[in-house]
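In full-length UniProt numbering, the protein residues as written are 1 to 385.
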Amino acid sequence: MDFALTQEQRQIRDTVAEFVDEEVVPRAAEIDETDEFPADLIDEMAELGLMGMPIPEEYGGAGLDYHAYPEALVEISRGSGGLGTIVAAHVSLACNMVYEFGDESQRERYLTPMAEGEEIGAFALSEPGAGSDVPAMETTAEPVGDADDPDAYTIDGGKLWISNGSVADTVVVFAKTDPEAGGKGISSFVVRPGEDDGFHVEGTEHKLGDKGCPTAELRFDGMEIPAERRLGEEGEGFVQALKTLNGGRITIAARSIGLAQAALDDALEYAQDREQFDQPISEFQAIQHKLADMDTKIQAARYLMHAAADRKMRGDRYVKEAAQAKLYASEMAREVCNEAIQIHGGYGYTKDFAVERYYRDAKLSEIYEGTSEVLRNTIADQLLE
Ligand SMILES: Cc1cc2nc3c(=O)[nH]c(=O)nc-3n(C[C@H](O)[C@H](O)[C@H](O)COP(=O)(O)OP(=O)(O)OC[C@H]3O[C@@H](n4cnc5c(N)ncnc54)[C@H](O)[C@@H]3O)c2cc1C
Numbered sequence: 001m002d003f004a005l006t007q008e009q010r011q012i013r014d015t016v017a018e019f020v021d022e023e024v025v026p027r028a029a030e031i032d033e034t035d036e037f038p039a040d041l042i043d044e045m046a047e048l049g050l051m052g053m054p055i056p057e058e059y060g061g062a063g064l065d066y067h068a069y070p071e072a073l074v075e076i077s078r079g080s081g082g083l084g085t086i087v088a089a090h091v092s093l094a095c096n097m098v099y100e101f102g103d104e105s106q107r108e109r110y111l112t113p114m115a116e117g118e119e120i121g122a123f124a125l126s127e128p129g130a131g132s133d134v135p136a137m138e139t140t141a142e143p144v145g146d147a148d149d150p151d152a153y154t155i156d157g158g159k160l161w162i163s164n165g166s167v168a169d170t171v172v173v174f175a176k177t178d179p180e181a182g183g184k185g186i187s188s189f190v191v192r193p194g195e196d197d198g199f200h201v202e203g204t205e206h207k208l209g210d211k212g213c214p215t216a217e218l219r220f221d222g223m224e225i226p227a228e229r230r231l232g233e234e235g236e237g238f239v240q241a242l243k244t245l246n247g248g249r250i251t252i253a254a255r256s257i258g259l260a261q262a263a264l265d266d267a268l269e270y271a272q273d274r275e276q277f278d279q280p281i282s283e284f285q286a287i288q289h290k291l292a293d294m295d296t297k298i299q300a301a302r303y304l305m306h307a308a309a310d311r312k313m314r315g316d317r318y319v320k321e322a323a324q325a326k327l328y329a330s331e332m333a334r335e336v337c338n339e340a341i342q343i344h345g346g347y348g349y350t351k352d353f354a355v356e357r358y359y360r361d362a363k364l365s366e367i368y369e370g371t372s373e374v375l376r377n378t379i380a381d382q383l384l385e
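Given below as C-alpha cells:
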C-alpha cells in the first residue's frame with residue numbers, strides 16, 4: 001500500500017480544510033448550542049461538490065477516490081462532528097445505496113439530486129427493537145397486486161435513530177418483504193417523505209453531542225410506494241446494508257480522526273499558552289507524553305483508515321479492515337479527546353473551550369454503524385473464518 005497522498009488528493013484535502021477553517025469552525029459552537037440543521041452550510045458545501053464526493057460525475061458527484069473522500073471528511077469533522085455525521089449518512093449511506101444498488105433510472109432520479117446537494121438523503125435501518133440485531137426488524141413491505149411482480153408495496157412500521165431523518169428528501173428504508181425469512185426477507189426501498197402519504201416524523205432525539213444532525217424517529221402507516229422504488233431484488237436488503245455499512249465504517253473512522261485532530265490541535269496550543277509554576281505546561285514531560293501519544297494514535301488510525309480504503313479501491317475484501325479502522329479510530333478519538341480535556345484542566349470541562357464538545361461528539365462513533373462490541377465480533381469472525 002502506498003501511504004502517500006497524491007498531489008491532487010492533498011489539494012482536495014487542503015481546499016476542504018480551508019473551507020472548514022473559514023466557514024465551519026466559527027459556526028461550530030453555535031451549531032452545538034442551537035442543534036439546528038445548518039442548511040446554509042450544506043448549500044455552500046454543495047457548491048464545492050462536497051455532498052456527493054465519491055459519486056461519479058455523471059450522477060452529479062465529484063468522482064473522488066476513497067483516499068481523498070475520507071480525508072475530506074476528516075477535515076469536515078474537525079470542524080463539526082454533527083456536520084461529519086450529516087455528510088457521512090447522506091453520502092456514504094444514502095447516496096451509495098442508490099448508486100450501488102439502484103438501476104439507471106433510480107440513479108438519475110434519486111441519486112443525482114442528492115449528489116449535487118440539492119436533496120438530502122438518509123438511511124433507515126435501525127428500529128426500537130432492532131439495532132445491532134438487524135434481522136429482528138419489524139417493519140414490513142407488503143406487495144400490492146401480483147406477489148411475484150407487484151405494482152407497489154405497502155410499508156408499515158417505524159425506524160429509530162435516523163440521521164438526517166427529519167430533513168431528508170430521500171430515505172432509503174429497509175423492510176421485510178418476507179417476514180418469515182429473517183435477514184433473507186429484507187428488501188430496501190427509496191422513500192420520498194414529500195410525496196409518500198403515511199410517512200411521519202415522530203420527533204428528533206435530544207443527544208449528548210452530534211448536534212446539528214437531526215436524529216429522527218420515523219413512522220410508516222400504510223405507506224404505499226410504487227414497486228419501481230425497490231432497490232435491487234426482494235430479499236437483497238440485508239446484504240446491501242452490510243456492504244454499504246462496510247464502506248460507511250471507513251468514513252466513521254474519518255469522522256473520529258477529524259475530532260481527535262481538532263482535540264490535539266487545541267491541546268497543543270493550550271499547552272504552550274498556559275503557564276503554571278512559572279512555565280508553560282508544555283514544558284512538563286507528563287504533558288509532552290500525552291501530546292506524543294495523542295499524535296501517535298491519530299497517525300495509527302489514519303493508516304488503518306487508508307489501509308481499508310486501499311483494499312476497497314482495489315476490489316479486495318475489506319470487511320475486517322473497515323471494522324478495524326472504525327473500531328480503533330472511534331476508541332482512539334474518545335481517548336484523545338479525554339486527554340485534551342485533561343490538558344486543559346478545569347477550563348477543559350467548560351464550554352469556554354471546544355474540547356468538551358469534541359469529547360461528546362467523539363463518543364457517538366463508538367455506537368453507530370456497528371458498536372465496538374459488534375465490530376470486535378466481526379473482526380474475530382473474519383480471523384476465525
Ligand atoms: C446519534 C445516532 C445516529 C444514528 N444514525 C443512524 C442512521 O442514520 N441509520 C440507522 O439505521 N441507524 C442509526 N443509528 C442507530 C445505530 O446504528 C444503533 O444505535 C446501533 O447499531 C446500536 O443499536 P442499539 O442502539 O439498538 O443497541 P443494541 O444493539 O441494543 O446494543 C446495546 C449494547 O449491547 C451490545 N451488543 C449487542 N449485540 C451484541 C453482540 N452480539 N455481542 C456483543 N455485544 C452486543 C452493544 O454493543 C451495546 O453495547 C444511530 C444511532 C445514534 C445514537
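Glycine residues also receive a C-beta, built at the ideal position from the N, C-alpha and C atoms.
In terms of CA proximity to L48, V16 leads the group D310, V16 and G157. Counting C-beta pairs closer than 8 Å gives fewer than three between the segment 59-71 and the segment 145-153, which falls short of the contact rule.
When rounded, the separation of the alpha-carbon atoms in D278 and F19 is 38 Å. Here D273 has no same chain residue with a Cβ atom under 6 Å from its own Cβ, once five neighbours each way along the sequence are excluded. A Cβ-Cβ contact shorter than 8 Å links A46 with E116. Shown here, R192 sits in coil according to DSSP, grouped into three states, outside any helix or strand. Between the alpha carbons of M223 and A152 lies a distance of about 10 Å. The three-state reading of DSSP puts I120 in coil, since its state is none of H, G, I, E or B. Short of 8 Å from the beta carbon of P128, and not among the five residues preceding or following it, lie these beta carbons of its own chain, in chain order: G158 and L160. A contact is defined here as three or more CB-CB pairs under 8 Å, and the segment 190-204 fails this definition with respect to the segment 233-246. Taking a 10 Å sphere around the C-beta of H90, we find 16 or more other C-beta atoms and assign the residue as buried. Distance from the C-beta of N377 to the nearest heavy atom of ligand 1 is below 7 Å. Contact between K290 and E335 does not hold, since their C-beta atoms are separated by about 10 Å, which reaches or exceeds 8 Å.
Using a 10 angstroms sphere on the CB of K351, the tally of other CB atoms stays under 16, which defines it as exposed.
Contact between T251 and S92 holds: CB atoms are separated by about 4 Å, below the 8 Å threshold.
By the C-beta density criterion, E217 is buried, having at least 16 other C-beta atoms within 10 angstroms. With fewer than 16 other Cβ atoms from the protein chains shown falling within 10 Å of its own Cβ, H206 counts as exposed.
One alpha carbon belongs to T371, the other to S188, and they sit about 22 Å apart. Nearest to A130 by alpha-carbon distance, out of L83, A292 and G183, is G183. Linking E8 to L64 through their CA atoms gives a straight-line distance of about 10 Å. Three or more beta-carbon pairs separated by less than 8 Å link the segment 292-307 to the segment 328-342, which places the two stretches in contact. Annotated three-state conformation of T6 is coil, per DSSP. Of the residues E339, L304 and R314, the one whose Cα lies closest to the Cα of F3 is L304. Approximately 6 Å separates the beta-carbon atoms of G185 and G235; this is inside 8 Å, confirming the contact. For P38, the closest alpha carbon among the candidates D210, S282, G237 and H306 is that of D210.
Taking one beta carbon from each stretch, the segment 314-328 and the segment 339-349 have fewer than 3 pairs nearer than 8 Å; the two do not touch.
Residue environment: L264 is assigned as buried (16 or more neighbouring CB atoms within 10 Å of its CB, all protein chains considered).
Per the coordinates, the alpha-carbon of D43 lies some 15 Å from the alpha-carbon of T112. Residues S163, D210 and C213 of the same chain have their beta carbon placed closer than 6 Å to that of T85, with the five preceding and five following residues left out of the count.
DSSP places T170 inside the beta strand (DSSP E), whose first and last residues are T170 to K176. Distance from the C-beta of T371 to the nearest heavy atom of ligand 1 is below 7 Å.
For M53, the CB contacts under 7 Å within the same chain, skipping 5 residues up- and downstream, are G61, A62, L64, Y69, A72 and V91 in chain order. Among the bridge pairs identified by DSSP, E138 is matched with none. Nearest to A28 by alpha-carbon distance, out of Y318, A292 and A262, is A262. The three-state secondary structure of G345, taken from DSSP, is helix. According to the DSSP secondary-structure assignment, I162 is paired through a beta bridge with A216.
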